[in-house]
Each structure stands twice: as structure tokens, then as C-alpha cells.
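Asks: In this note's numbering, the protein residues as written are -1 to 307.
Note that CB positions come from ideal geometry on N, CA and C, so glycine has one too.
These numbers were taken from a predicted model, which means no experiment stands behind them.
This is the structure I want to talk about, given as C-alpha cells.
Now the structure itself:
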């Protein structure tokens, strides 16, 4: 096993079983801005499918981990990611009720991810199967870099607040973003622990970043095409305008800044965002506070009327 540095900042401790009420969510939850709404809605399409494969890759690699602290962080990481997938899937169900059936997109995405992040052919020799696992971990680590940076963006950026974004949706995005920051180092550290190859890590970012953005753009086009209330297609100018208004991450950030930072040989996710930023939001998040209250009262029903959310 290679001798590489493994740091433990950015590992999760537990999951928060948050719940959201979508009964009052408007179709365009960024008021008067279908593009910004659907640009962010794509996350609901990408994440349930993606995170199921993230979980599978890390779970398969867990048998190779012999660092006790790193091993202990894998279970809460898997629990957090599984809850993220569930929470976003519920939004897709709500979109279907509003006339946007996302099944054609998610089915196509699922087939692609089953190829890119799925199991290798059974007839491959053990060495090739091990390399395939390393490559999957490297891809997931690259994608987790994107989710951590997006988490930092949605926590720090006030553009969606100023635009009057639906508060429940904003809380979902920020809860998820905070937990992505909280566990931002886990997959990277697992990869470093079991493989640690910089060329493979760099290659994964160089191939994963354009694929991630391709599926994101495809998702925006799909949602706007299938939105029954508008007759418009996404334009480059829409993205630039929404980014100037701080409603969505800008193209320079997603296409250049995020990948370039990750490509530094000395890069570690612990240098992105801060755990304290995530903890501070989760302490005050309406959904996280309710989840905390439910967890405490389940352990001690007598405190049901006295627990401070």
C-alpha cells in the first residue's frame, strides 16, 4: 500500500434525517427566473443517481482501508449520501406532479453511470478489477470536489436570498451543501489511502469535469424543454445573466477554477471551504433543527415537549 498523507479534516460524524414539505413549492422557485430555477433543479436529477454509485465505490473500497479513523467515517458518509439521494428524489416526484416527468433523463443518466462507475466485466483479471476500483474512486473524488465547492457557493452566496427563492428549497440546497463540506475529504482520503496515484487523480478530473458539465447542460435543456409553462430554450446569455445576479455558479468557476485547483499535486479537500461554516449553518437550518429534535425525542420521549429545536 503506498505511503501517502491522509488527513482527517472533512470527515462526517453522523447523518441528519431531514424532511421537507414541498406542498407549497412553486414550479419556478426562483421567482420569475425559469432558467435559474432549472439550472439548480438539475442537481435533483444528477445527485440521486450519482450518489448511489458514490456509495457503492466507497463501500467496495472499505475492505482495503486499515486506518481506524478513516474506516469509522465511511459509515456516516454512506448514510449522508443515501439520505441526500432520497431527499432529491422526493423533489423529482414533486416535479412530476407539476408536469415535468424526469424519467427519460434519469434513465439515460443511470445507464451511463452504470457503465462509467459500475462494476467491471467479470472476466477481467484481479489486477484490472483493482485498477477499475481505483479509477472509480478517483472519479468520485473529483465529483466530490465539485459538490464541496458548490456547497460552499450556496452557503456563502446571498443572490438566491435577494431573489426571493423559496425558503424550503434554499434550505435543502444549503443543508446538502453543508453536509458535502462536512464530508468533503472522505472519498479523497480513501482514494489516497488505497491508491494515491496523482496521474490517475488528475486524469479523472480532466475526464470527469467535462462529462459532469455535459450532463448538467443537458439537464437544463431537458427541464426547460419539458416545462409546460414556458416556451424557451436555455441560452449562454441566460447563464451569464443569472451568474451576474449570483443566482447560479458562473461558467468560469465551474469550467476553470474548480478543476484547476483540484489538479494541483498538493491539493487536499481540507483547503476548500471550512467545516465550521457547515456546522454553523446546520446548527440553524430549519430542517436540520427539526431532524435533531426528532432524533432526541426518539431517544427520550419524555423530552418531546421540552427539547429546543
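What is the DSSP secondary structure of residue 254, counted as helix, strand or coil?
Replies: Three-state result, residue 254: helix.
Asks: Assuming residue 217 and residue 40 make a contact with CB atoms under 8 Å, what is their CB distance in whole Å?
Replies: Yes, they are in contact, since the Cβ atoms of residue 217 and residue 40 sit about 4 Å apart, within 8 Å.
Asks: Would you please state the rounded distance, in angstroms, between the beta carbons of residue 268 and residue 183? I believe it to be under 8 Å.
Replies: At roughly 5 Å, the Cβ-Cβ gap stays under 8 Å, so residue 268 and residue 183 are in contact.
Asks: Which value, in whole angstroms, describes the spacing of the CA atoms of residue 106 and residue 47?
Replies: The alpha-carbon atoms of residue 106 and residue 47 are separated by roughly 10 Å.
Asks: Could you check how far apart the C-beta atoms of residue 228 and residue 24 are, in whole angstroms? I think they sit under 8 Å.
Replies: Not quite, the Cβ-Cβ distance comes to about 13 Å (not below 8 Å), so this is no contact.
Asks: Comparing alpha-carbon positions, which option in 133, 156, 12, 38 lies nearest residue 214?
Replies: Taking only the C-alpha atoms, the option nearest residue 214 is 38.
Asks: Is residue 116 helix, strand or coil by DSSP?
Replies: Three-state result, residue 116: coil.
Asks: Do residue 143 and residue 277 count as a contact pair if the criterion is CB distance below 8 Å?
Replies: No. Outside cutoff.
Asks: What does the Cβ neighbour count give for residue 49, buried or exposed, with the cut at 16 atoms within 10 Å?
Replies: By the neighbour-count rule (16 or more Cβ atoms within 10 Å), residue 49 is buried.
Asks: To the nearest angstrom, how far is it from the Cα of residue 104 to the Cα of residue 43?
Replies: Computed Cα separation, rounded: 6 Å.
Asks: Classify residue 272 as helix, strand or coil using the three-state DSSP reduction.
Replies: Reduced to three states, the DSSP call for residue 272 is coil.
Asks: Is it the case that the Cβ atoms of residue 45 and residue 83 are separated by a distance below 8 Å?
Replies: In contact: residue 45 and residue 83 (Cβ atoms closer than 8 Å).
Asks: Using a Cβ-Cβ cutoff of less than 7 Å, which residues in the same chain neighbour residue 147 once the five nearest sequence positions on both sides are dropped?
Replies: Closer than 7 Å at the Cβ level, and outside the excluded window around residue 147, lie 256, 270.
Asks: Could you name each continuous alpha helix (DSSP H) segment of 4 residues or more that falls completely within the region 158 to 235, going from the start of the chain to the end?
Replies: 165 to 180, 184 to 192, 196 to 224, all fully within the region 158 to 235.
Asks: Hey, could you find the ends of the alpha helix (DSSP H) residue 264 is sitting in?
Replies: Counting along the chain, residue 264 falls outside any alpha helix (DSSP H), and DSSP gives it neither H nor E.
Asks: In three-state DSSP terms, what is residue 146?
Replies: In this structure, residue 146 counts as helix in the three-state DSSP scheme.
Asks: What first and last residue would you give for the alpha helix (DSSP H) that runs through residue 11?
Replies: From DSSP, residue 11 is part of no alpha helix (DSSP H); its letter is neither H nor E.
Asks: Quick test of your reading: residue 245 and residue 158, contact by CB under 8 Å. State the CB separation rounded to the nearest angstrom.
Replies: Confirmed, Cβ separation roughly 6 Å.
Asks: Is the beta carbon of residue 181 sitting closer than 8 Å to the one on residue 63?
Replies: Cβ atoms of residue 181 and residue 63: not closer than 8 Å.
Asks: Three or more beta-carbon pairs under 8 Å between the region 81 to 100 and the region 219 to 234, yes or no?
Replies: Touching, yes, given that three or more Cβ pairs across the two stretches are closer than 8 Å.
Asks: Counting C-beta neighbours from all protein chains within 10 Å, is the total for residue 160 16 or more, i.e. buried, or is it exposed?
Replies: That one is exposed.
Asks: For the region 56 to 72 and the region 228 to 242, state whether three or more C-beta atom pairs, one from each stretch, are separated by less than 8 Å.
Replies: Touching, no, given that fewer than three Cβ pairs across the two stretches are closer than 8 Å.
Asks: Can you list, in chain order, the residues of its chain with a C-beta nearer than 6 Å to that of residue 247? Leave out the 5 residues immediately preceding and following it.
Replies: Within the same chain, residue 247 has close Cβ partners 151.
Asks: Out of 35, 205, 112, which has the shortest C-alpha to C-alpha gap to residue 164?
Replies: Here the closest residue by C-alpha is 35.
Asks: Using the C-alpha atoms, what's the distance from residue 219 back to residue 57?
Replies: Residue 57 and residue 219: Cα-Cα distance of roughly 33 Å.
Asks: If you reduce the DSSP assignment to three classes, tell me which class residue 296 lands in.
Replies: In this structure, residue 296 counts as helix in the three-state DSSP scheme.
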